[in-house]
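Student: So the protein sequences, as listed, match chains A and B. Just so we're aligned, residue 1 is where the first sequence starts under the numbering used here, counting upward by one. Just so we're aligned, residue 1 is where the second sequence starts under the numbering used here, counting upward by one. Glycine is no exception: its CB is placed at the ideal position from the N, C-alpha and C atoms. Quick one: this structure, given as structure tokens, is what I'll be asking you about.
Number of protein chains: 2
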Amino acid sequence: MPLASNASVRGLAAAEVASLGYEMVLGNTFHLFISPGHDQIRELGGLHEFMGWSRPIITDSGGFQVFSMGHGSVAEEIKHRRGAGESRVISITEDGVAFRSYLDGSERFMGPETSMEVQAALGSDIALAFDECTPYHSDKRYTALSMERTHRWLDRCIGWHAEHGPEGQRVFGIVQGGVHSDLRARSSSYIAGADLDGVAIGGSLGQEKAQMREVVGWALEPLPEERPRHLLGIGDVDDILYAVGQGIDSFDCATPTRLARHGTAVIADPGRRFRLDLTKAECRGSREPIAAGCPCPACRDHTRGYLHYLARRKELTGARLITLHNLTFMAELMRGIRAAIAAGAYPAYAEGILAGAAPWDPPRFPVTGRG
Amino acid sequence: MPLASNASVRGLAAAEVASLGYEMVLGNTFHLFISPGHDQIRELGGLHEFMGWSRPIITDSGGFQVFSMGHGSVAEEIKHRRGAGESRVISITEDGVAFRSYLDGSERFMGPETSMEVQAALGSDIALAFDECTPYHSDKRYTALSMERTHRWLDRCIGWHAEHGPEGQRVFGIVQGGVHSDLRARSSSYIAGADLDGVAIGGSLGQEKAQMREVVGWALEPLPEERPRHLLGIGDVDDILYAVGQGIDSFDCATPTRLARHGTAVIADPGRRFRLDLTKAECRGSREPIAAGCPCPACRDHTRGYLHYLARRKELTGARLITLHNLTFMAELMRGIRAAIAAGAYPAYAEGILAGAAPWDPPRFPVTGRG
């Protein structure tokens, strides 16, 4: 799922996102609560109508954003991007979080009921329960206390939703517990026991890929097979392939679109960590496309040399073309993954991609085999 | 012609510009000389191939940009947009202009031969002869001296092109002379007598619409009927309609795309000077499209309320959608103008637009009439 945090996938119209093959986007409860406000979006017919997107929408709970202001990570990004005043958390209590808006400095409040109310007004198809997203540097004691509070908040979210939630809106809970196996197991068990339509794995997944994979494994173990499992904020090609193998069903991530805006294309090259930085000098005089065979407009009509120039000059057209490429790559990758699973050939597919096969190459699943 | 100053119409891929119906774009000799450099573009196959645009390209001579650094107008824009060091003119001589690059502060030089050499490397279909673009506040004495030098530069451009110009590249001269009727007449006569494929009217056209129209009238009078006449940098709806009536054949202008990036849509409303500022509060809760009946994606799929939000947040998707709308409006306007001229009904068409008719409404030219 591409991020449409502020009601748009940056640089693309909703119809284009659909035409790339995406079936769902992720909207952001926190950002839309701050601006234009959920009342405004409700008046304009809900988030689908507001952004001209008729397919499903999942909305993040707002927890990640509201807490990362206090813990300091997304705040940096927001500050940089918006050039607005700094946001900060005023207090965290059992009720929820009081904070200053990054837009106008006004005091705002978000708790589990607020989050669900905003998501109800947005009319998303999947709402995520409000959670505290503890960062990597939290100690185990704080992570445990926070996780228990997140579980209590989950119950309040479910309660609010049962009474006020829009018909048809599904609710997913978020597994927390940081990088601690016992906490992850406890959180997953709690989520598994709650009346929920699906599960998302959130919070700190560690500082490196190996740790992330271990944490996801702990979180998945107690979860029931039949409920959809979403992994929040993970979008590297190899991580997706690994997590799908572990049993994750869906992903959202800023990486493909954010990388694009900074001039980096996703490519089928594990030796380069699946990334091509088009701003680098090696692309300067290149008449090659980003990737031969890629069906996106950037690869169909343009060279690395041109995109290098646009990316260096921070031209809008560059950000857009590389965004189209990266989202095409990811859409093709996921399409390939689904086809491979359906064909019972997922390991071979994943292996192929990890060895450098392009996702738009026709998959060569064995139709007859010795196994 | 939309501006593709830096080898792209901001936010659009070349194929999209073509799909809107545009037959030519304007590339900028000065900007492309500074970055990525004409040698680089030649190596990459010329400007058409570089930007993936197979239709005709006209290249501005660079005179407007190089001189407005000294005279101070485009420099402001460049500074603001690029965040780079200030450019400035070091000296203007009979040879040309020495200046410091806004990119890296290096000393660069552009004269008539340089300009033609750059345009030859770019491989544009129409090259404009190098000119000094005198601003409104120049006195008549300086304007006259500068104009005479521009005429001498024209001869050098023609001479260089005859010897080195790429086959098939056409050359247009630029009429200067500021807001002085006798100078405009003299400059047009000089251009009319030169061996050129077409004529462009440049320089200061005054400070208000009435003066612009008067100046264009002076400039047009001595020009031969059979050569194409281009009016540089004019793009307001009413100005275009007036100038076409006077005998102008083509236009280029930053306005439709620049307005779009700042949240203003071009609309069929003469009472609003054909502009709708989507960032204004009146659009906040609006479920109307920018313009009912407009075939662009912004009007087809999105509301003013959504575009208001995107424009206020400076979201890329907003800049892009409004750009698509504005370029659709201008393309439809020009299509209507051509059809009306072909039908011998131009005055009625112009009158209709000036009275608020939308350019995509079927033109109601009288098939039978009393006249």
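Residue ranges of each beta strand (DSSP E) run of no fewer than 3 residues wholly in the segment 214-297 of chain B, ordered along the chain?
Tutor: Runs found: 229-232, 250-252, 264-266 and 275-277.
Student: For a test of the three-state rule: what should DSSP assign to residue 212 of chain A, helix, strand or coil?
Tutor: Note: residue 212 of chain A maps to helix in three-state DSSP.
Student: Our contact map puts residue 27 of chain A next to residue 57 of chain A with C-beta atoms below 8 Å; I'd like the distance itself, whole angstroms only.
Tutor: That belief holds up - the Cβ atoms of residue 27 of chain A and residue 57 of chain A are roughly 5 Å apart, short of 8 Å.
Student: Counting pairs of beta carbons, one from the segment 341-357 of chain B and one from the segment 283-303 of chain B, are three or more of them closer than 8 Å?
Tutor: Touching, no.
Student: What is the DSSP secondary structure of residue 301 of chain B, reduced to helix, strand or coil?
Tutor: Helix at residue 301 of chain B.
Student: Can you tell me whether residue 59 of chain B is buried or exposed, with buried defined as 16 or more other CB within 10 angstroms of its CB?
Tutor: Residue 59 of chain B is buried by the Cβ-count criterion.
Student: 9 Å is my cut-off, CB to CB: does residue 10 of chain A come that close to chain B?
Tutor: Yes, its Cβ sits closer than 9 Å to a Cβ of chain B.
Student: Just the Cα atoms here: how many angstroms apart are residue 269 of chain A and residue 62 of chain A?
Tutor: Roughly 34 Å between the two C-alpha positions.
Student: To the nearest angstrom, how far is it from the Cα of residue 213 of chain B to the Cα of residue 206 of chain B?
Tutor: Distance between the alpha carbons of residue 213 of chain B and residue 206 of chain B: 9 Å.
Student: Residues in its own chain within less than 7 Å of residue 84 of chain A by CB, not counting five upstream and five downstream?
Tutor: Reliability of the predicted coordinates at residue 84 of chain A is poor, the pLDDT of 43 falling under 50, and the value obtained from them is presented with this limitation in mind. Taken in chain order, the residues that qualify are 102 and 103.
Student: Please list the partners that residue 320 of chain B has in chain A, where partner means a Cβ-to-Cβ separation under 9 Å.
Tutor: Those within 9 Å of residue 320 of chain B in chain A are 11, 12, 13, 316 and 320.
Student: Could you round the C-beta distance between residue 66 of chain A and residue 97 of chain A to whole angstroms and report it? I think they count as a contact, below 8 Å.
Tutor: Contact flag correct, Cβ pair sits at about 5 Å.
Student: What in chain A is Cβ-close to residue 302 of chain B, meaning under 7 Å?
Tutor: Neighbours of residue 302 of chain B on chain A, chain order: 52.
Student: Given this structure, state the Cα-to-Cα distance separating residue 247 of chain A from residue 43 of chain A, to the nearest angstrom.
Tutor: Each residue's alpha carbon lies about 39 Å from the other.
Student: Can you pull the chain B neighbours of residue 372 of chain A, defined as C-beta to C-beta under 8 Å?
Tutor: Nothing about residue 372 of chain A can be read from this structure; chain A reaches only from 1 to 371.
Student: From the DSSP output, in three-state form, read off residue 329 of chain A for me.
Tutor: Reduced to three states, the DSSP call for residue 329 of chain A is helix.
Student: Taking DSSP as the reference, what is the three-state secondary structure of residue 107 of chain A?
Tutor: Three-state result, residue 107 of chain A: strand.
Student: Among the residues of its own chain, which have a CB less than 6 Å from the CB of residue 111 of chain A, if the five just before and after it don't count?
Tutor: Excluding residues within five positions, the ones whose Cβ falls inside 6 Å are 95 and 96.
Student: Can you list, in chain order, the residues of its chain whose CB lies under 7 Å from that of residue 241 of chain A, leaving out five sequence neighbours each side?
Tutor: Closer than 7 Å at Cβ, skipping near neighbours: 350, 353 and 354.
Student: Would the segment 34-52 of chain B count as touching the segment 117-136 of chain B if we require 3 or more Cβ pairs under 8 Å?
Tutor: Yes, since at least three Cβ pairs between the segment 34-52 of chain B and the segment 117-136 of chain B fall closer than 8 Å, the two stretches touch.
Student: Which ranges does the alpha helix (DSSP H) cover as unbroken runs of at least 4 residues, wholly within the segment 15-82 of chain A, from first to last along the chain?
Tutor: Whole alpha helix (DSSP H) segments, 4+ residues: 29-34, 38-43, 47-51, 63-71 and 74-82.
Student: Would you say residue 223 of chain B and residue 174 of chain B are within 9 Å of each other, going by their C-beta atoms?
Tutor: No, these two residues do not count as a Cβ contact at 9 Å.
Student: Got a sec: is the Cβ-Cβ distance from residue 309 of chain A to anything in chain B below 9 Å?
Tutor: So, interface residue.
Student: Just the Cα atoms here: how many angstroms apart are residue 215 of chain B and residue 263 of chain B?
Tutor: Looking at the two C-alpha atoms, the distance is approximately 31 Å.
Student: Here's a check: name, in chain order, each residue in its chain whose Cβ is nearer than 7 Å to the Cβ of residue 362 of chain A, leaving out the five neighbours to either side.
Tutor: Taken in chain order, the list of residues that qualify is empty.
Student: Output the distance between the C-alpha atoms of residue 151 of chain A and residue 25 of chain A, rounded to the nearest integer angstrom.
Tutor: Straight-line Cα distance between these residues: approximately 26 Å.
Student: Expressed to the nearest angstrom, what Euclidean distance is found between the alpha-carbon atoms of residue 186 of chain A and residue 329 of chain B?
Tutor: Their backbone Cα atoms lie some 59 Å apart in a straight line.
Student: Would residue 80 of chain A pass as an interface residue toward chain B - the criterion being a Cβ-Cβ separation below 9 Å?
Tutor: Because residue 80 of chain A carries a pLDDT of 44, less than 50, the predicted location of this residue cannot be relied on, and the following value inherits that uncertainty. Cβ-Cβ to chain B under 9 Å: no for residue 80 of chain A.
Student: Under 8 Å, with one C-beta from each stretch per pair, do the segment 196-204 of chain A and the segment 223-235 of chain A reach the 3-pair mark?
Tutor: Segments in contact, yes.
Student: Here's the rule: buried if 16 or more other CB atoms are within 10 angstroms of the residue's CB, otherwise exposed. What is residue 164 of chain A?
Tutor: Exposed is the call here.
Student: Which residues in the same chain as residue 169 of chain A place their Cβ atom closer than 6 Å to its Cβ, once the five residues preceding and following it in sequence are excluded?
Tutor: Excluding sequence neighbours, residue 169 of chain A sits near 127.
Student: Quick one: what's got a C-beta closer than 6 Å to residue 279 of chain B's C-beta in the same chain, skipping five residues either side?
Tutor: Around residue 279 of chain B: 263, 311 and 312.
Student: Report buried or exposed for residue 249 of chain A, applying the criterion of at least 16 other Cβ atoms within 10 angstroms of its Cβ.
Tutor: Exposed, since its Cβ has fewer than 16 Cβ neighbours within 10 Å.
Student: With 7 Å as the limit, tell me which residues of the segment 336-348 of chain B have their beta carbon closer than that to any beta carbon of chain A; keep them in chain order.
Tutor: Residues: none.
Student: Compare the beta carbon distance of residue 180 of chain A and residue 116 of chain A with 9 Å and say whether it is the shorter of the two.
Tutor: Cβ atoms of residue 180 of chain A and residue 116 of chain A: not closer than 9 Å.
Student: Residue 304 of chain A: which of A:348, A:315 and A:289 sits nearest, CA to CA?
Tutor: When only C-alpha atoms are compared, the closest one is A:289.
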